[in-house]
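Residue 2 is where the sequence shown starts when you use the working numbering, and the numbers rise one by one after that. Cβ coordinates follow ideal geometry from the N, Cα and C atoms, glycine included. Since we're looking at a predicted model, the values are computed, not measured. First the structure, in the form of structure tokens, and then the observations on it.
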Amino acid sequence: MLVFLAGGAGYIGSHTAVELQNSGHDIVIADNYSNSSPEVIKRISELTHRDVAAYEADVCDKAAMLRIMTAHRIDCVMHFAGLKAVGESVKKPLAYYRNNIDATLTLLECMQKCDIHSIVFSSSATVYGEENPYPYVETMPRGRCSNPYGWTKSMMEQILEDAARADPRLSVVLLRYFNPIGAHQSGLLGEDPQGVPNNLMPYVAQVAVGRRDHLTIFGHDYPTPDGTCRRDYIHVMDLAAGHVRAVEYAAEHKGTAVFNLGTGMPYSVLDIVTAFERNSGVRVRYEFGPRREGDLPEFWADADKARKILGWSASRNLDDMCRDSWNWQKRNPAGYKTGCL
Ligand code: NAD
Ligand code: UDP
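What follows is the structure in structure tokens.
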């Protein structure tokens, strides 16, 4: 199949691009590089030994999307393009609603014009909101989100569902990611946040490589086994494999399907620090700070539906995640800006 990856130069899109090509699919990428770099495209090509059709384009630019969709015989769209920093979304809600919702509407409208009837969407566990008990199951209703980023995901799910209800030819697969970490085992691809990392693993890796002095652990008085928050961390290459199954599922099923992509196993912030130290041999300095507003004490996935219906489950453990994150950070201390060591 030919898969169009909107936002495909980003962290999850780039790993999925490699996995798709290695599974025999073809890809086209569009990205405005607002949170990535053209260097990623070179590295995808290096890893797969294939040329990659890549366009520098904004997914909200309808004319540009129509040009790409008419130039290629696309079977499925994977929609990764979006702004994703939770804290920034609180400060700049309009930028988040504009970019994320606009990108989704534009893709759907262009797909309709170009007779493309399949879309796989990057959603998030955040749509379960604050009220649902864990583990989260796909049958639970979407909840109340604690920030505009979360609301954009919840609204985009609704938009996609409505589009599928109105057009019986359309397949929509909503993938609710839990906490993706890790990197491609080669060390050529990984997570390269701009500025100070918001997420735990890139922060830990940057402390280990000497770019930051210490990690602040947000809260250690939660009602969890060691007092720090627990999350369901998943290796980005397992996530990428889940996308390959999703695209194949979408080719055979109409309507909307929702899948959690997680391991079903929660780890605490202190578990992550300990596992990272064990796998890197480097000490990660940390101190405890106050809780971060909006953080839930813990949540994890019920991962049964993806296992039963997609035949997918995560195969990499926490040691694999930490080892690959460290390998990426060690080989690319300044991210994609400098060549890979
Ligand atoms: P990322 O920022 O690395 O990738 C997103 C890519 O989209 C970037 O390359 C960025 O340049 C591009 N982009 C953004 N807006 C665009 C636009 N208007 N036009 C063209 N390109 C645009 O993020 P990621 O971690 O790879 O996440 C991919 C998707 O998965 C996002 O939608 C994100 O919200 C979602 N998600 C991520 C996580 C996570 O923890 N990483 C968790 C749940 C959901
Ligand atoms: N966290 C932390 N220090 C940091 C970044 C994150 O203690 O510098 C904690 C955060 O409170 C949460 C967990 O690590 O409990 C995972 O946070 P992340 O932002 O990576 O993912 P989230 O689950 O919030 O989307």
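State the DSSP-derived secondary structure class of VAL91, mapped to helix, strand or coil. helix
The alpha helix (DSSP H) with PRO149 in it runs from where to where? For PRO149, the enclosing alpha helix (DSSP H) begins and ends at 149–167.
For TYR337, which residues from the same chain have a beta carbon less than 7 Å from its beta carbon, with the 5 sequence-adjacent residues on both sides left out? These residues qualify, in order along the chain: SER38, GLU40, VAL41 and ASP193.
Helix, strand or coil for GLY290? Go by DSSP, reduced to three states. GLY290: strand per DSSP, three-state reduction.
Label THR339 either buried or exposed according to how many other C-beta atoms from any shown protein chain fall within 10 Å of its C-beta, with 16 as the threshold for buried. When all chains shown are included, THR339 counts as exposed.
Taking the alpha carbon of SER155 as the point to measure from, which residue in PRO181, THR105, CYS111 and PRO198 has its own alpha carbon closest? Closest by alpha carbon: THR105.
Does SER172 come out as helix, strand or coil in the three-state DSSP assignment? strand
Expressed to the nearest angstrom, what Euclidean distance is found between the alpha-carbon atoms of GLU249 and PRO94? About 35 Å.
Between ASP296 and the ligand UDP, is the CB less than 8 Å from at least one heavy atom? yes
With respect to the beta strand (DSSP E) encompassing MET79, which residues constitute its N-terminal and C-terminal limits? DSSP places MET79 in the uninterrupted beta strand (DSSP E) bounded by 77–80.
For the ligand UDP, which residues count as neighbours when the test is a C-beta closer than 6 Å to any heavy atom? Screening all residues for a C-beta within a distance smaller than 6 Å of any heavy atom in the ligand UDP leaves ASN180, ASN199, ASN200, LEU201, TYR204, LEU216, THR217, ILE218, PHE219, CYS230, ARG232, VAL270, ARG293 and ASP296, in chain order.
Sort ILE235, ALA31 and THR17 by Cα distance to GLY25 and report the nearest one. THR17
Endpoints, alpha helix (DSSP H) assigned at GLY14: 12–23
What do you get for ARG51, buried or exposed, if any count of 16 or more other CB atoms within 10 angstroms of its CB means buried? exposed
To the nearest angstrom, report how far apart MET266 and SER314 are at their CA atoms. Looking at the two C-alpha atoms, the distance is approximately 12 Å.
Taking 8 Å as the cut-off, is the C-beta of GLY14 nearer than that to any heavy atom in the ligand NAD? yes
Within the same chain, show all residues whose beta-carbon is closer than 8 Å to that of HIS73, passing over the 5 residues directly before and after it, in chain order. LEU3, PHE5, VAL29 and ALA54
Could you check whether the Cβ of LYS309 sits closer than 8 Å to any heavy atom belonging to the ligand NAD? No, the ligand NAD has no heavy atom inside 8 Å of this Cβ.
Could you give the first and the last residue of the continuous alpha helix (DSSP H) run that contains GLY243? 237–253
Kindly identify the DSSP beta-bridge partner or partners of ASN261. ARG177
Reduced DSSP category for THR71 - H, G, I as helix; E, B as strand; rest coil: helix
If you compare alpha carbons, which of HIS244, LEU311 and THR229 is closest to TYR287? Closest by alpha carbon: THR229.
Can you tell me whether GLU20 is buried or exposed? The criterion is at least 16 other CB atoms within 10 Å of its CB, across all chains shown. buried
Helix, strand or coil for VAL205, going by three-state DSSP, please let me know. Helix.
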